[in-house]
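**Q**
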Amino acid sequence: MPIPQLDRVEAFEPHRSLTAIKCLTLSEDYLQDHFPKFPVMPGVMMLEALFQAGAWLLRVSDDFNRPLVSLREARSVKYQDFVAPGDSLLIDVSVAKTQDNVVQLKAKGEVGGRLAVGARLILAYESVDELRPELQGSEGYCRAELKRQWQLLTRHLASAE
């Protein structure tokens, strides 16, 4: 089950960087258990938010030609602050190194100017047809759905122009 961790994209520079925001609310299902008396965003969800921002950077930079993005490695992950309901996690990802379909990113999430999480992520991206030839023909649907989601994440940017 996908759990979207980005509410909007604030800035995007193809092949270079992406900035996004996650606004944490009490309505997040995982906060019911983590923790009932002190609800905070789990570290794994903070890392997932960094990954999702990186995945969008790769997909859109490649014009959705290789829409399947996987996390190969998460290195030097550091958690430094809590993200609580009412907080906005400002996520920045930038390309550090690219080799073929594998990209190393510097990623961080801040709350109120304070570092909450930082990591180096290694992501790979591929096309549906390359990865799963038996699903040939489904790539068009995958691209269309991702483009629709991208429009939702960036709709405020289009209206600002």
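Heads up: the sequence shown begins at 851 in our numbering, then just goes up one per residue.
Glycine included, C-beta positions come from ideal geometry on N, C-alpha and C.
Just so it is clear, the structure is predicted and the values come from calculations on it, not from any experiment.
1) Please classify Val894 as buried or exposed, where buried requires at least 16 neighbouring CB atoms within 10 angstroms.
2) With Gly904 as the anchor, note down where its beta strand (DSSP E) starts and where it stops.
3) Could you check if Gln805 is buried or exposed, using at least 16 other CB atoms within 10 Å of its CB as the buried criterion?
4) What is the DSSP secondary structure of Arg866, counted as helix, strand or coil?
5) What residue range is occupied by the uninterrupted beta strand (DSSP E) comprising Asp942?
6) Going by CA-CA distance only, name the one from Gly904, Asp931, His884 that's closest to Leu876.
7) Can you tell me whether DSSP reads Lys997 as helix, strand or coil?
8) By how many angstroms is the C-alpha of Pro889 removed from the C-alpha of Glu989?
9) Quick one: Cα of Gln902 to Cα of Arg1005, how far?
10) One question on the structure: do Leu868 and Val943 come within less than 8 Å of each other, judged by their Cβ atoms?
11) Going by C-alpha distance, which of Arg866, Ala966, Gln882, Leu908 is nearest Val952?
12) At the level of alpha carbons, what is the spacing between Ile853 and Val910?
**A** Working from what's here:
1) exposed
2) Careful: Gly904 lies outside any beta strand (DSSP E), inside the alpha helix (DSSP H) at 893-911.
3) Any property of residue 805 remains undetermined from this structure, which presents the chain solely from 851 to 1011.
4) coil
5) 938-949
6) His884
7) helix
8) 39 Å
9) 18 Å
10) yes
11) Leu908
12) 20 Å
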